[in-house]
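Residues in the sequence shown are numbered from 664 upward in steps of one, following our numbering.
Positions of the beta carbon are idealized from the N, C-alpha and C atoms, including for glycine.
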Amino acid sequence: MQTVGEILRTERLKRGLSIKNVESAISIRALYLDAIEEGNYSIIPGEVYLKGFIRNYATFLELNSQQIMKVYRESQERNQADSPAVTPVETIPAPPASSSGGIIKWFAIAIVVAGVVAGAVWWSSESQTPVAQPPSATSHPETASQQPASPSQSQSAVPDQPTANVSLTAIYHAQCWTKIVADDKEIYEGIPKSGDSLTWEATTKLIAKFGDAGAVELVYNGRPMGKLGGNGDVVVKNFTVNGITQ
Numbered sequence: 664m665q666t667v668g669e670i671l672r673t674e675r676l677k678r679g680l681s682i683k684n685v686e687s688a689i690s691i692r693a694l695y696l697d698a699i700e701e702g703n704y705s706i707i708p709g710e711v712y713l714k715g716f717i718r719n720y721a722t723f724l725e726l727n728s729q730q731i732m733k734v735y736r737e738s739q740e741r742n743q744a745d746s747p748a749v750t751p752v753e754t755i756p757a758p759p760a761s762s763s764g765g766i767i768k769w770f771a772i773a774i775v776v777a778g779v780v781a782g783a784v785w786w787s788s789e790s791q792t793p794v795a796q797p798p799s800a801t802s803h804p805e806t807a808s809q810q811p812a813s814p815s816q817s818q819s820a821v822p823d824q825p826t827a828n829v830s831l832t833a834i835y836h837a838q839c840w841t842k843i844v845a846d847d848k849e850i851y852e853g854i855p856k857s858g859d860s861l862t863w864e865a866t867t868k869l870i871a872k873f874g875d876a877g878a879v880e881l882v883y884n885g886r887p888m889g890k891l892g893g894n895g896d897v898v899v900k901n902f903t904v905n906g907i908t909q
């Protein structure tokens, strides 16, 4: 009779699938799929996981999962039936009643054995007794919550920085004299070269002046604007949060 692993492997090969194909399809590690096919169940962490993996594997291959699980249970029952019985521990025969010296000897041995067992039980109980831990500083969170904040903590907050709401990027295809005023403060004046790309930011308003509008392409707040004029045109634009004005 075929095992669960043999049935699954045969069907997988019939469909032309590799272990990696099945792993990607049902999200079960290839290590576990191999173990199921080989019948090496000890690799899989627990029988609950093992049964779930077998069902999912069988369902993926469009096999009858209930029938596959029946085969699995029957194989496990056979394995348990074939397991060798545990050999009982041999008992020590009692000494002959006719020998008084033997009785004394065995009585002494019994006393020694009882002492050893009692000592082992005492040691085991002592080793398992939990050691009392001193209360930690975190055991009373209400104490920390009731402490007033120190002046240094209350004064260490950093004020919010103004957010840049206007962004302008200029991409130059030729030399062009440029002047930029951000929030009423001049921040740039120069003649960038062809191939340069410059970006400026402002909180509320940015004024840009170009000596050759045909040489520059603009990107305003992430939106391409193209060229604002022809070659040689001098253009001045106001870029604000709400839009572009002259």
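- Here residue 692 carries a coil assignment [DSSP, helix/strand/coil].
- For residue 664, the three-state secondary structure derived from DSSP is coil.
- DSSP lists 901 as the beta-bridge partner residues of residue 908.
- In this structure, residue 685 places its C-beta atom within 8 Å of the C-beta atom of residue 723.
- Bounds of any alpha helix (DSSP H) do not take in residue 886; it lies within the beta strand (DSSP E) bounded by 886–889.
- The beta-carbon distance between residue 711 and residue 670, rounded to whole angstroms, is 21 Å. This is too long to meet the 8 Å contact definition.
- Burial state of residue 741 is exposed, judged by a 10 Å Cβ sphere holding fewer than 16 other Cβ atoms.
- Around residue 683, the same chain offers 693 as residues with beta carbons nearer than 8 Å, after the five sequence neighbours per side are excluded.
- Per the C-alpha coordinates, the member of 853, 865, 690, 832 positioned closest to residue 845 is 865.
- Assignment of residue 705 by DSSP, reduced to helix, strand and coil, places it in the helix class.
- According to DSSP, residue pairing for residue 843 in a beta bridge involves 851, 871.
- Going by beta carbons, residue 707 and residue 698 fall inside the 8 Å limit.
- Membership of residue 831 in any alpha helix (DSSP H) is not indicated; the residue belongs instead to the beta strand (DSSP E) covering 829–835.
- For residue 862, the enclosing beta strand (DSSP E) stretches over residues 860–865.
- When secondary structure is reduced to three states using DSSP, residue 880 falls in the strand class.
- A Cβ-Cβ distance of about 4 Å is found for the pair residue 878 and residue 839, placing them in contact under the 8 Å criterion.
- Cβ atoms of residue 704 and residue 696 stay farther apart than 8 Å, at about 12 Å.
- Inter-residue distance for residue 880 and residue 835 is about 7 Å (C-alpha atoms, whole angstroms).
- Between residue 895 and residue 875, the gap from beta carbon to beta carbon is short of 8 Å.
- For residue 856, there is no enclosing alpha helix (DSSP H), since its DSSP letter is neither H nor E.
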